[in-house]
Amino acid sequence: MKVRFAPSPTGYLHIGGARTALFNWMYAKAQKGQFVLRVEDTDLERSKKKFLDEILDSMKWLGLSWDEIYLQSERFDIYREYAEKLLTEKKAYKEGEAVILKMPQKQIKIYDLIRDEIIFDTATLKDQVLMKSDGSPTYSFACVVDDALMEITHVVRGEDHISNSPKQVIIYEALGFKPPKFAHLPLIMGEDGGRLSKRTGAVAVSDYRKDGFLAQGVVNYLMLLGWSPGPNKEIVNLEKAVESFSIKKVNKTSAVFSMDKLRWVNSQHIKQASTESITELLIPFLLEKGYLSEEFDRKRLENVVSLFKGRLATLADFLDWADFAFLENIDVSDENKKQFFNAESVKRFHLLSKKLSNVDPFTAQEAEKGFRDLVKELDIKAADLVHPVRVALTGKTIGPGLFETMEALGKEKTVCRLKQIS
Ligand code: GLU
Numbered sequence: 221m222k223v224r225f226a227p228s229p230t231g232y233l234h235i236g237g238a239r240t241a242l243f244n245w246m247y248a249k250a251q252k253g254q255f256v257l258r259v260e261d262t263d264l265e266r267s268k269k270k271f272l273d274e275i276l277d278s279m280k281w282l283g284l285s286w287d288e289i290y291l292q293s294e295r296f297d298i299y300r301e302y303a304e305k306l307l308t309e310k311k312a313y314k315e316g317e318a319v320i321l322k323m324p325q326k327q328i329k330i331y332d333l334i335r336d337e338i339i340f341d342t343a344t345l346k347d348q349v350l351m352k353s354d355g356s357p358t359y360s361f362a363c364v365v366d367d368a369l370m371e372i373t374h375v376v377r378g379e380d381h382i383s384n385s386p387k388q389v390i391i392y393e394a395l396g397f398k399p400p401k402f403a404h405l406p407l408i409m410g411e412d413g414g415r416l417s418k419r420t421g422a423v424a425v426s427d428y429r430k431d432g433f434l435a436q437g438v439v440n441y442l443m444l445l446g447w448s449p450g451p452n453k454e455i456v457n458l459e460k461a462v463e464s465f466s467i468k469k470v471n472k473t474s475a476v477f478s479m480d481k482l483r484w485v486n487s488q489h490i491k492q493a494s495t496e497s498i499t500e501l502l503i504p505f506l507l508e509k510g511y512l513s514e515e516f517d518r519k520r521l522e523n524v525v526s527l528f529k530g531r532l533a534t535l536a537d538f539l540d541w542a543d544f545a546f547l548e549n550i551d552v553s554d555e556n557k558k559q560f561f562n563a564e565s566v567k568r569f570h571l572l573s574k575k576l577s578n579v580d581p582f583t584a585q586e587a588e589k590g591f592r593d594l595v596k597e598l599d600i601k602a603a604d605l606v607h608p609v610r611v612a613l614t615g616k617t618i619g620p621g622l623f624e625t626m627e628a629l630g631k632e633k634t635v636c637r638l639k640q641i642s
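So the sequence shown is numbered by the numbering used here: it starts at 221 and just counts up by one.
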């Protein structure tokens with residue numbers, strides 16, 4: 221068996237295209253078949269190299285490798301040859317320079333793996349242009365010639381192409397080729413019930429990457445758009461998904477793209493990944509933001525990452541949550557100052573900074589001991605000091621455990637930040 225993904229490089233790889241690529245890829249792997257990447261760049265005006273590069277990069281990033289790759293722009297001779305053949309056989313005629321296929325009057329049966337049999341009547345179809353007068357093939361003609369010559373056994377594509385399928389079967393039959401089987405994947409809608417738009421998630425895969433989504437998270441979410449790895453088994457990697465993937469189990473009803481769900485799925489993959497690998501992925505983000513210099517203490521960084529790994533939806537979230545660990549000085553909002561800093565708390569910060577400056581080694585456990593000692597001496601409740609100290613150290617009212625935060629911050633910064641407040 222052999223399938224293909226056939227993007228047009230007239231735009232970036234979006235969620236819908238990536239889902240089509242992924243389902244073809246999973247189907248090929250599950251069936252031990254071949255996966256062809258066919259670049260449909262017959263529109264020489266609108267096809268752009270930057271789009272092709274982005275599509276290939278995104279496919280690689282997602283882990284969707286191909287067995288063969290073709291560019292339709294290099295195959296114009298082949299389309300011309302088959303158009304000539306249809307002219308000679310009088311199945312097509314010329315109108316100016318254009319080559320047009322006569323539409324036979326008949327019923328067309330299509331076998332769809334998801335929808336079973338689909339029957340069309342060609343009576344409503346007009347004669348079809350195969351070659352345009354500028355010498356370029358139409359989408360359907362190039363698509364059929366290629367699917368046939370590349371020996372594609374299953375055409376898996378979005379439901380938006382369902383009306384193209386009978387027209388293409390007619391071309392197969394005219395050329396004397398055996399039509400493939402089809403599978404039309406359900407549409408992806410926005411949460412507002414409309415077509416997927418920029419606002420509802422139709423953004424380039426490369427943008428999700430820039431926003432700090434993991435490839436595994438995006439791939440995992442994409443597979444849920446029309447298929448399910450099983451009850452309570454939503455979080456899976458590609459290899460696991462392939463083991464249970466079945467094209468016949470793909471839904472007929474449209475899928476809904478949910479940004480919240482994508483973020484949740486991604487958070488699960490961040491949580492499952494090792495601290496080392498998440499640290500590795502975070503480094504470019506931190507460098508770009510100026511939070512790291514070329515030389516940095518990797519152990520310390522991993523320490524900070526491990527504090528936050530369990531609560532990040534995206535890598536970018538880390539920059540917001542953990543900024544205090546990288547900035548020289550933190551900002552405390554006026555509102556937080558008013559609520560948490562007063563003469564009494566400032567006095568306590570100074571006492572705590574003195575206490576902590578004697579803690580050695582500066583581990584979470586030892587820092588906690590010092591903190592508890594002070595609480596006892598002052599005869600106050602721990603909670604009365606925890607929240608103001610967190611704000612003093614991080615500028616935030618919520619975050620991971622205070623003592624782990626201190627350890628990650630290090631003695632010098634912890635002591636200094638407490639001492640600085642006046
Ligand atoms: N180039 C077409 C598209 O991007 C391919 C459709 C097909 O899979 O046949 O929509």
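All C-beta atoms, glycine included, are put in the ideal place defined by N, C-alpha and C.
Residue range of the alpha helix (DSSP H) that includes residue i
{"i": "residue 338", "result": "Per DSSP, residue 338 belongs to no alpha helix (DSSP H); it is in the beta strand (DSSP E), 336-341."}
{"i": "residue 292", "result": "Premise fails: residue 292 is in no alpha helix (DSSP H) and is neither H nor E."}
{"i": "residue 327", "result": "No alpha helix (DSSP H) contains residue 327, which is instead part of the beta strand (DSSP E) from 327-332."}
{"i": "residue 459", "result": "458-464"}
{"i": "residue 424", "result": "First-last for residue 424: undefined, no H or E at that position."}
{"i": "residue 239", "result": "235-250"}
{"i": "residue 443", "result": "435-443"}
{"i": "residue 611", "result": "602-614"}
{"i": "residue 345", "result": "No alpha helix (DSSP H) contains residue 345, which DSSP labels as neither H nor E."}
{"i": "residue 509", "result": "495-509"}
{"i": "residue 560", "result": "554-560"}
{"i": "residue 365", "result": "359-369"}
Integer-rounded CB distance, given that residue j should sit under 8 Å from residue i
{"i": "residue 392", "j": "residue 351", "result": "With 8 Å as the limit, residue 392 and residue 351 do not qualify as a contact, their Cβ atoms being about 17 Å apart."}
{"i": "residue 432", "j": "residue 477", "result": "Wrong, their Cβ atoms sit about 18 Å apart, outside the cutoff."}
{"i": "residue 281", "j": "residue 429", "result": "6 Å"}
{"i": "residue 487", "j": "residue 533", "result": "5 Å"}
{"i": "residue 628", "j": "residue 545", "result": "6 Å"}
{"i": "residue 461", "j": "residue 406", "result": "Going by Cβ atoms, the distance from residue 461 to residue 406 rounds to 17 Å, so no, they are not a contact pair."}
{"i": "residue 322", "j": "residue 347", "result": "6 Å"}
{"i": "residue 302", "j": "residue 395", "result": "6 Å"}
{"i": "residue 288", "j": "residue 256", "result": "5 Å"}
{"i": "residue 416", "j": "residue 235", "result": "7 Å"}
{"i": "residue 542", "j": "residue 232", "result": "Residue 542 to residue 232, Cβ: 30 Å. No contact."}
{"i": "residue 489", "j": "residue 450", "result": "So it is not a contact: roughly 18 Å between Cβ atoms."}
{"i": "residue 502", "j": "residue 525", "result": "6 Å"}
{"i": "residue 264", "j": "residue 293", "result": "7 Å"}
Where the beta strand (DSSP E) containing residue i begins and where it ends
{"i": "residue 321", "result": "318-321"}
{"i": "residue 591", "result": "Taken as a continuous stretch (DSSP letters only), residue 591 belongs to no beta strand (DSSP E), being part of the alpha helix (DSSP H) at 584-598."}
{"i": "residue 348", "result": "348-351"}
{"i": "residue 623", "result": "Careful: residue 623 lies outside any beta strand (DSSP E), inside the alpha helix (DSSP H) at 622-629."}
{"i": "residue 403", "result": "401-405"}
{"i": "residue 381", "result": "Segment: none, residue 381 is in no beta strand (DSSP E) and carries neither H nor E."}
{"i": "residue 544", "result": "Careful: residue 544 lies outside any beta strand (DSSP E) and carries neither H nor E."}
{"i": "residue 312", "result": "312-315"}
{"i": "residue 266", "result": "That residue, residue 266, is in no beta strand (DSSP E); it is neither H nor E in DSSP."}
{"i": "residue 648", "result": "No statement about residue 648 is possible, as the shown extent of the chain runs from 221 to 642 and does not include it."}
{"i": "residue 222", "result": "222-225"}
Member of the options whose CA lies at the smallest distance from the CA of residue i
{"i": "residue 633", "options": "617, 425, 576", "result": "576"}
{"i": "residue 518", "options": "528, 500, 530", "result": "500"}
{"i": "residue 226", "options": "437, 597, 275", "result": "275"}
{"i": "residue 530", "options": "565, 551, 494", "result": "494"}
{"i": "residue 539", "options": "423, 260, 511", "result": "511"}
{"i": "residue 557", "options": "349, 543, 642", "result": "642"}
{"i": "residue 565", "options": "349, 528, 638", "result": "638"}
{"i": "residue 442", "options": "427, 458, 590", "result": "458"}
{"i": "residue 422", "options": "330, 482, 277", "result": "482"}
{"i": "residue 250", "options": "489, 427, 585, 223", "result": "223"}
{"i": "residue 387", "options": "426, 326, 452", "result": "326"}
{"i": "residue 553", "options": "616, 374, 265", "result": "616"}
{"i": "residue 374", "options": "390, 349, 332", "result": "332"}
{"i": "residue 254", "options": "263, 607, 508, 243", "result": "243"}
{"i": "residue 345", "options": "455, 356, 320, 354", "result": "320"}
{"i": "residue 572", "options": "245, 593, 414", "result": "593"}
{"i": "residue 369", "options": "400, 568, 384", "result": "400"}
{"i": "residue 439", "options": "484, 283, 626", "result": "283"}
{"i": "residue 237", "options": "262, 278, 248", "result": "278"}
{"i": "residue 586", "options": "619, 631, 471", "result": "631"}
{"i": "residue 622", "options": "600, 584, 328", "result": "584"}
{"i": "residue 398", "options": "452, 353, 410, 329", "result": "329"}
{"i": "residue 624", "options": "492, 427, 547, 522", "result": "522"}
### Task
Using the beta-carbon of each residue, find all residues closer than 6 Å to any heavy atom of ligand 1 and list them in chain order.
Those satisfying the condition are, in chain order, 226, 227, 228, 260, 363, 377, 381.
### Query
Taking contact to mean at least 3 C-beta pairs separated by less than 8 Å, is the segment 605-616 in contact with the segment 557-569?
Yes: at least three Cβ pairs fall under 8 Å.
### Message
Across the segment 362-379 and the segment 312-320, are there enough close Cβ pairs to call them in contact, namely three or more that are closer than 8 Å?
### Response
At 8 Å Cβ cutoff, the stretches do not touch.
### Query
Taking contact to mean at least 3 C-beta pairs separated by less than 8 Å, is the segment 327-343 in contact with the segment 352-364?
At 8 Å Cβ cutoff, the stretches do not touch.
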